[in-house]
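Data block below; observations after.
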Amino acid sequence: MSDYFHGEALGPSMFPSATAEKPAAIKAFSENPTHIPTTIKATSRVMENLKASFGKSITGLFAVGFCWVAKIVYLSERDGTLVSVIGAAHPSFIALEDAKVIGAAMCRLKG
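Per my numbering, the sequence shown starts with residue 1, numbered consecutively.
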């Protein structure tokens, strides 16, 4: 499992974001260690390494994302990867445009 936070996760004290400082800190966090385009590239590298390591024995991958990583899974799948099934639990940051282009089988759990 990839550490998309690079050891810098936001703690539970950041939620709910009821003070003026908390939303700014959450926004800064989403623009640095969890920057979506950077995370998609990292995810693609993981998939490429799996393909290189296992060759033709891999015919498809299942990718699952929780919360904001659901968007990473959705966007990684549409980039022509080996992902054939995707899952999302409590997805966030999903846009209608993301859902329209999903080509893989999908399971979504929302709580």
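Glycine residues also receive a C-beta, built at the ideal position from the N, C-alpha and C atoms.
Helix, strand or coil at phenylalanine 54 [DSSP, three-state]:
The residue labelled residue 54 in the question sits at position 54 within the sequence shown. DSSP places phenylalanine 54 in helix when its eight states are reduced to three.
Among residues of its own chain, excluding the 5 on either side of histidine 90, which ones have a beta-carbon nearer than 8 Å to its beta-carbon?
Here residue 90 corresponds to residue number 90 of the sequence shown, with the count starting at 1. Answer for histidine 90: Phe66, Cys67, Ala70, Leu109, Lys110 and Gly111, listed in chain order.
Among the residues of its own chain, which have a CB less than 7 Å from the CB of cysteine 107, if the five just before and after it don't count?
Against the sequence shown, residue 107 aligns to sequence position 107. Gly87, listed in sequence order.
My output table needs one value for leucine 150: the three-state DSSP class, helix, strand or coil.
A question about residue 150 goes unanswered here, because the residues of the chain that appear run from 1 up to 111.
Run the CB neighbour count on glutamate 31, radius 10 Å, all protein chains shown included, and call it buried at 16 or more, exposed below.
Here the question's residue 31 lines up with position 31 in the sequence shown. It counts as exposed.
What residue ranges within the segment 19-100 form continuous alpha helix (DSSP H) runs of no fewer than 4 residues, ordered along the chain?
Listed in chain order, the complete alpha helix (DSSP H) runs (minimum 4 residues) inside the segment 19-100 are 21-31, 36-54, 69-77 and 96-100.
Distance check for lysine 56 and threonine 34, CA to CA, integer angstroms please.
Within the sequence shown, residue 34 is the residue found at index 34, counting from 1. Within the sequence shown, residue 56 is the residue found at index 56, counting from 1. Taking the straight line from one Cα to the other gives about 32 Å.
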